[in-house]
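To keep things clear, I will list the structure first and then write my remarks on it.
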Amino acid sequence: MSDDAAEPEESTIASGDDGALVEVVHAQGHENVTAEHVSTLEFTSDDFLTPAGDCILAVEADRVPADFDDAFLDACRAHGATITATIEAAGHAHEVIGRGHPDFSFENERSHVIRTSDYVDDRTVMVGATGAAADVDRDLVAVLADGADATLTLEVDPA
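Sequential numbering from 1 applies to the sequence shown in the UniProt record's numbering.
And the structure:
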């Protein structure tokens, strides 16, 4: 068995069967994950999490918005783009659907933030989301609080 199989790809953009573009982020759960925030959900590349970070589901993300492929970014900025975020850990999964926005910059080098609102900053990867951290399945939150490996898959269908 090769050691290469365990390392994440530098760029994980792929095209889905329906023409959607996909970016995959690998991260780690953390003992301070509470997932109580009612309007945002976040993955961060930081290697720590304080109890105040109640929107953060995972730390040590191996990729940040600034790493995303230009084709993915352009698709997310398209009018009418639908974005699906799937969070997976230890056999549990949770899906959030939202939309893109023409003002997305994808310049942040620390965090991916999914928002139920229409607010956009350099961390925002989705607006108008169908849920936030507080809506995530509690069994998934529990395994993340136990430090499980986590995957955030972002798929954009550029309308």
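Quick reminder that beta carbons are idealized off the backbone N, C-alpha and C, glycines included.
I'd like the ranges of any alpha helix (DSSP H) spanning at least 4 consecutive residues and lying wholly in the region 85-156. 138-145
For residue 98, which of 80, 111, 90, 91 has the nearest alpha-carbon? 80
According to the neighbour-count rule (16 or more other Cβ atoms, all chains shown, within 10 Å of its Cβ), is residue 65 buried or exposed? buried
Excluding the five sequence neighbours on either side, which residues of its own chain have a C-beta within less than 6 angstroms of the C-beta of residue 116, listed in chain order? 39, 129, 132
Would residue 75 and residue 154 be called neighbours here (beta carbons separated by less than 7 angstroms)? no
Can you tell me the Cα-Cα spacing of residue 159 and residue 101, whole angstroms? 12 angstroms
Pull the bridge partners of residue 44 from the DSSP assignment, please. Bridge partners of residue 44: 111.
Tell me which same chain residues have a C-beta within less than 8 angstroms of the C-beta of residue 51, skipping the five on either side of it? 32, 34
Quick check: the Cα distance between residue 92 and residue 103, rounded to an integer number of angstroms? One alpha carbon belongs to residue 92, the other to residue 103, and they sit about 32 angstroms apart.
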